[in-house]
Each structure stands twice: as structure tokens, then as C-alpha cells.
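Trainee: Shown below is the structure under consideration.
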Amino acid sequence: MANFDFEIIIFGVLGLLFLWNLILSIFFQKMNQRQKVLFSGKKAQDLEGVIFEILKKQKIDEKEIEKIKESIKNLELISLRSIQKIGMVRFNPFSDMGGNQSFSIALLDQKNNGVVVTSYHAKEGTRIYAKPIKEGRSSFTLTEEEKEAIEKAIFEK
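The numbering of the sequence shown is my numbering, which starts it at 7 and goes up by one.
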């Protein structure tokens with residue numbers, strides 16, 4: 007009887023080992039399929055090849071990122087000197103004529119540097135004046151309309 011119990015235990019252990027072997031075989035078969043999918047690239051035949059391809063692409067990407075950063079810096083510098091603020095005032099400088107045909111327009115960059123242009127319209131013709139602006143001020147005498155145009159450019163958004 008003890009011999010019979012021992013045979014049952016052995017068959018049970020062999021059954022468990024067979025089941026374990028079957029589970030491992032399925033696991034390795036799935037892992038092998040995944041590996042084939044992973045390494046099915048053009049040049050990459052092994053893990054080392056895949057890593058080298060990734061590193062090569064990373065170096066190319068790093069160079070591109072540096073180019074983009076440099077371009078952004080250049081654009082930021084350009085944008086500082088570009089017209090970003092505009093203020094305009096229309097007015098009638100001559101009381102004997104109708105209409106607000108005359109105007110002053112301020113064109114300023116980020117640092118409030120630029121120009122204010124004033125156009126006086128009359129029957130005899132139109133006169134246009136331009137005055138440089140540095141940090142919101144001019145070395146030339148400004149009219150009230152020019153000052154107002156500059157203030158609009160600086161403070162209105």
C-alpha cells in the first residue's frame with residue numbers, strides 16, 4: 007500500500023512538472039514572437055544594433071534641437087526690434103476745416119523704441135513729419151497728438 011501511495015505522489019509530481027513545462031513552453035514561445043517583432047527592423051538584428059540605432063537617432067535629434075534653440079534665440083532678438091506696439095490718433099488741426107483727416111501714429115518695439123509719424127492734411131496739401139522715439143521719448147518736441155499716440159502704443163493692449 008505504501009508503494010501505491012509513493013507511485014501516486016510520483017505521478018502527481020510528474021504531472022505538475024509536465025504542466026510547468028507546458029506553461030514555460032508557451033511563455034517562451036510568446037516571448038520569442040515578441041522578440042521577432044522587436045528586432046524585425048531594417049538593420050537591427052540584435053539588441054545591440056537596436057540600441058546603436060536609437061543612440062544615432064538621438065544624436066541627430068539633439069543636433070536638430072540645438073538648431074531649433076538657435077533659431078528661437080534669433081527670432082526673440084528680431085522680435086525685440088519688430089513693431090509690437092501701435093497707437094494712432096486722428097485729429098483736426100485747423101478749426102476752419104472739417105473732418106479729422108490728420109493723424110499721428112506711433113510704431114514702437116518691445117523697448118518702446120521706434121518712430122511717430124504725423125500727417126497734417128489741408129486744402130493746400132499734406133505734410134508728413136517723422137520723429138524718432140527712444141524708450142518712449144523723443145529728442146524732438148512732440149505735439150499733444152504725438153504724445154497721445156505714443157501713450158496709446160505703450161499702455162493700450
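Just so it is clear, CB atoms sit at the ideal spot from N, CA and C, and this is done for glycine as well.
Quick caveat: nothing in here was measured; it's all calculated off a predicted structure.
1) Which residue comes first and which comes last in the beta strand (DSSP E) that contains K73?
2) So is A136 buried or exposed if we call it buried at 16+ other beta carbons inside 10 Å?
3) Which of the three DSSP states is assigned to L114 in this structure?
4) So is K49 buried or exposed if we call it buried at 16+ other beta carbons inside 10 Å?
5) Near R146, which residues of its chain fall below 7 Å by C-beta distance, leaving aside the five closest residues on each side in sequence?
6) In its own chain, which residues sit with a C-beta less than 7 Å from the C-beta of Q107, not counting the 5 before and 5 after it?
Mentor: Let me spell this out:
1) The count along the sequence shown starts at 1 and reaches residue 73 at position 67. Segment L53 to R87 is the alpha helix (DSSP H) holding K73; no beta strand (DSSP E) there.
2) Locating residue 136 in the sequence shown gives position 130, counting from the first residue. Label assigned to A136: exposed.
3) On the sequence shown, position 108 is the one that residue 114 refers to. If DSSP states are grouped into helix, strand and coil, L114 belongs with the strands.
4) By 1-based counting over the sequence shown, the position of residue 49 is 43. For K49, the predicted structure reports a pLDDT of 49, less than 50, and the residue's modelled location is therefore unreliable. The matter cannot be settled from this model.
5) As a working note, residue 146 is residue 140 in the sequence shown. Note that residue 146 is Phe in the sequence shown, not Arg. Here the set comprises K137.
6) As a working mapping, residue 107 is identified with position 101 in the sequence shown. Hits under 7 Å: H127.
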